[in-house]
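Encoded as structure tokens, the structure appears first; notes follow it.
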Amino acid sequence: MKAMLDATREEWLAARLDLLEEEKELTRRSDALALKRQQLPRVRIDKEYRFDTEIGSASLKDLFGGRSQLLVYHFMFGPDYNAGCPSCSSIADGFNGFFVHLENHDVAFWAVSRAPLAKLEAFKRRMDWSFPWASSAGSDFNADFSVWFSPEQQRQGEIEYNYRREPPAPMPPAAKAAPEWQSRGGDEPIVQIASMTGTDVPTYTRDRPGVSAFELIDGVVYHSYSSYARGLDGLWGVYQWLDRAPKGRNETGIWWRHHDRYGRE
């Protein structure tokens, strides 16, 4: 539906007040949904995960840094990538501004990826980021939290991502099986975005994005929440701004880049 042009201020105000009621209802529903997230059952984490960080090897409990809560962003950066996923990178561009506030509100924050720490640190310097980023290389962490899958799982249709099982992905080319969390504009966008990481589609799509929440209770780590795919939309700051712009998201294919690549490609 196209917007009315040449409206009077009174017509605009009447339409805006109608929309305001819907926005208020959405806010109330969002508050209720947030409460349900907090009330999800907790699952005890007994496996000993190890992470490489800039201050040395760390356990999952260590990542809490003395706080009672931990949020992990599962950043798509596999060991074969030359650069982080541009979608994850766009989301991560906002991390610098808020992670310090979380850390001062009893919530630790980490990005976690499978790539070796040296590769993560180099990309972090390139992007001028300061948020904490750990490598889960050699750990089952990504597989256990459904953000990494083996080639065999990919070929045999054993990938369960976002609480749904995906069909087998032909290899090659896997571009014909673009996952739900990418553009539905055809084969080309997933090929394009994979190329930004220096990989092919099968390699790129074995890693997936997500967010997971943990709580430390009496020295024991519990898993409370995970979300994937478009469940991450609310964390992608640029989209929250675009949704309030006159033309909205106004997308045709993959338009975003690593922030240091605009105007260079």
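If you want this note's numbering, it's the 1-based position in the sequence shown plus 211. The C-beta atom is built at its ideal place from N, Cα and C for all residues, glycine as well. Nothing here was measured: the structure is a model prediction, and the numbers come from that model.
State the CB to CB distance for the pair residue i and residue j, rounded to an integer number of angstroms; the pair is presumed to be in contact (CB under 8 Å).
i      : j      : result
Ser406 : Val422 : Not a contact, Cβ separation roughly 26 Å.
Phe288 : Ala326 : 5 Å
Ala499 : Asn373 : Only positions 212 to 476 of the chain appear in the structure, and residue 499 is not among them; the question remains open.
Phe342 : Phe320 : 7 Å
Ser350 : Tyr450 : 31 Å between Cβ atoms; not a contact.
Which of the three DSSP states is assigned to residue i in this structure?
i      : result
Ala389 : Its pLDDT being 43, under 50, Ala389 is placed unreliably by the model, and nothing is read from it.
Ile404 : helix
Glu426 : strand
Glu371 : strand
Pro384 : With a pLDDT of 45 at Pro384, under the threshold of 50, the predicted position of this residue should be treated as unreliable, though the coordinate-derived value follows. Of the three classes helix, strand and coil, the one that applies to Pro384 here is coil, per DSSP.
Leu216 : coil
Gln451 : helix
Arg441 : helix
Phe275 : helix
Thr410 : coil
Thr463 : coil
Ala345 : strand
Asp488 : What is shown of the chain runs 212 to 476, which leaves residue 488 out entirely.
Gly397 : Residue placement at Gly397 is poorly supported in this model, since its pLDDT is 46, which falls under 50; the coordinates are not used for a value here.
Ala269 : strand
Arg248 : helix
Arg336 : helix
Phe262 : strand
Arg376 : strand
Asp355 : helix
Tyr473 : coil
Ala456 : coil
When you compare each of the options to residue i by their alpha carbons, which one comes out closest?
i      : options                        : result
Asn307 : Phe275, Trp344, Cys296, Tyr292 : Trp344
Ile170 : Ile465, Asp444, Tyr439         : Residue 170 cannot be examined here, being either before or after the span of the chain that is shown, 212 to 476.
Cys299 : Val323, His312, Phe310, Ala319 : Val323
Phe334 : Glu236, Phe286, Val254         : Phe286
Ser301 : Arg239, Trp340, Thr463         : Trp340
Arg419 : Gly305, Ala245, Leu443, Asp263 : Leu443
Val318 : Glu426, Arg375, Ile256         : Glu426
Leu226 : Ala214, Phe320, Ala294         : The question names Leu, yet the displayed sequence has Ala at residue 226. The residue with the shortest Cα to Cα distance from Ala226 is Ala214.
Asn293 : Phe310, Asp229, Leu281, Arg337 : Arg337
Ser346 : Asp355, Glu377, Glu369, Ala269 : Ala269
His470 : Phe352, Gly409, Ile401, Pro297 : Pro297
Thr264 : Ala329, Val402, Val449         : Ala329
Ile256 : Asp454, Val431, Gly474         : Val431
Leu251 : Tyr433, Gly277, Arg472         : Tyr433
Ala348 : Pro290, Leu313, Pro400         : Pro290
Gly305 : Lys258, Glu236, Leu446         : Leu446
Gly277 : Trp467, Pro379, Leu453, Asp429 : Asp429
Ser435 : Leu331, Arg253, Leu231, Glu314 : Arg253
Below 8 Å, can you find three or more Cβ-Cβ pairs linking the stretch 408 to 427 to the stretch 357 to 373?
-> yes
Whole alpha helix (DSSP H) elements within the stretch 283 to 324, 4-residue minimum | 297 to 303, 306 to 314
Unbroken stretches of the alpha helix (DSSP H), 4 residues or longer, contained in the stretch 218 to 242 | Complete alpha helix (DSSP H) runs here, min 4: none at all.
Give a yes or no on contact between the stretch 451 to 464 and the stretch 275 to 285, applying the rule of three or more CB pairs nearer than 8 Å.
-> no
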